[in-house]
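Read through the structure below, which is laid out as structure tokens, and then see the notes.
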Amino acid sequence: MRVATWNINSLRLRIDLLRRLVQQEGCDVICLQEIKVEDGLFPLEAVKALGYPYVRFHGMKGYNGVAILSKIPFEVMDPRNWCLKGDARHAHVILGGDVELHNFYIPAGGDIPDPDTNVKFAHKLQFLDELKAHFAAGSKAGASAKGKAIMVGDLNIAPLEEDVWSHKQLLNVVSHTPIEVEKLNAVQKAGKWIDAVRQITPAPTKLFSWWSYRSADWTQNDRGRRLDHVWVTPTLSKRVRHATILRDMRAWTQPSDHVAVIVDID
DNA sequence: ATGGTGGTCCTACCA
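So this is what it looks like as structure tokens:
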């Protein structure tokens, strides 16, 4: 089973790039973030025509929004109302009655890494605390699927030194601050999650999935960050065969600032 | 220390 996660930054604007991804990689399941479309305007027929008859979408006007496109039937689970905001950052399904799948879009957190002066950063930290509690010991991660669970998404945090172009220069930059990394690690530990991409390509190899738009040339000095992740439970980690970050997508015409991350699981 | 680009939707807001 090939699973992809991609922050598409507007599904309607980039549906042709989604088609290109499908033609090139032939994924079984695609998890999207920042679809930026309210449910009544979701391009359902166009998505089905790409070969995905099973579609879960959870969106809102203008911002955020997540979707799961699948060739495998699934049962839709209720998303939690994270931070009581109702802001369409989570989709949850059970694939084939067998594998639990979560798709998250964690808040970016604004510019200033101080929860007392920046409500967006406070929101991000609260979201991480709620995720930790959700996946805490005895909780549900994989429980409904005999320990087989996958968590993907734009987590908006680059946890390792080798997940950013310069650890030293980004230590005080939102996405790589110690408090965010610590809280993300706590989420990982609570759910017994294993980073499938780093299982295949460990540090110190640098890996990035996002390059800012705010640069004339994104390849200049390769100033990227790894914000997009695929985590699996221990049962599934034994079956991870391949993991790739599709860096070339950043060079496509009118690209998203994120590229897709792909994992193959037997 | 600053400003850089791109998305939605039409006025700022978010990334």
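Residue numbering for the first sequence follows the numbering used here, beginning at 47 and increasing consecutively. Each residue gets a CB set at the ideal place from its N, CA and C atoms; glycine is no exception.
Residue i versus residue j: straight-line alpha-carbon distance, rounded
i	j	result
Ile203	Val145	25 Å
Glu121	Phe173	25 Å
Trp264	Ser258	7 Å
Lys214	Val112	32 Å
Arg296	Tyr98	24 Å
Leu217	Arg271	12 Å
Trp277	Arg48	14 Å
Glu176	Ala289	28 Å
Glu208	His222	11 Å
Ser116	Ile158	37 Å
Ala154	His180	20 Å
Asp160	Asp312	42 Å
Leu201	Ser302	16 Å
Asp310	Val68	15 Å
Leu130	Asp162	19 Å
Ala262	Ser212	19 Å
Ala232	Asn164	22 Å
Arg260	Gln300	14 Å
Best match in the options for proximity to residue i [C-alpha to C-alpha]
i	options	result
Thr247	Gly270, Arg287 and His104	Arg287
Ser255	Gly237, Lys238 and Val210	Val210
Gly237	Ser212, Arg260, Lys192 and Ala182	Ala182
Arg102	Asp157, Ile140, Asp294 and Glu71	Ile140
Tyr100	Val233, Trp298, Pro119 and Thr163	Pro119
Lys192	Ala249, Ile114, Pro89 and Gly143	Gly143
Gln234	Gly156, Thr163 and Met197	Met197
Leu59	Ala92, Ile76 and Gln69	Ala92
Leu292	Leu253, Gly156 and Ala232	Leu253
His138	Asn164, Ile76 and Gly156	Ile76
Test item: CB-CB of residue i and residue j under 8 Å
i	j	result
Trp52	His304	yes
Thr27	Ala195	In this structure the chain extends from 47 to 312, so residue 27 is not present and cannot be described.
Ile54	Leu78	yes
Val307	Asp274	yes
Pro205	Val220	no
Ile225	Leu171	yes
Lys178	Lys229	yes
Leu57	Lys82	yes
Glu80	Ala50	no
Arg66	Trp298	yes
Pro89	Ile61	yes
Integer Cβ distance of residue i from residue j, believed to fall under 8 Å
i	j	result
Asp85	Gly105	5 Å
Asp133	Asn110	5 Å
Leu64	Leu96	7 Å
Thr169	Phe150	Note on identity: in this sequence residue 169 is His, with Thr being the wrong assignment. That pair is no contact at about 14 Å.
Ile152	Gly199	7 Å
(request) Spell out a yes or no on whether the stretch 233-251 and the stretch 269-286 are touching, meaning 3 or more CB-CB pairs, one atom from each, closer than 8 Å. (result) The stretch 233-251, when compared against the stretch 269-286, does touch it at the 8 Å Cβ threshold.
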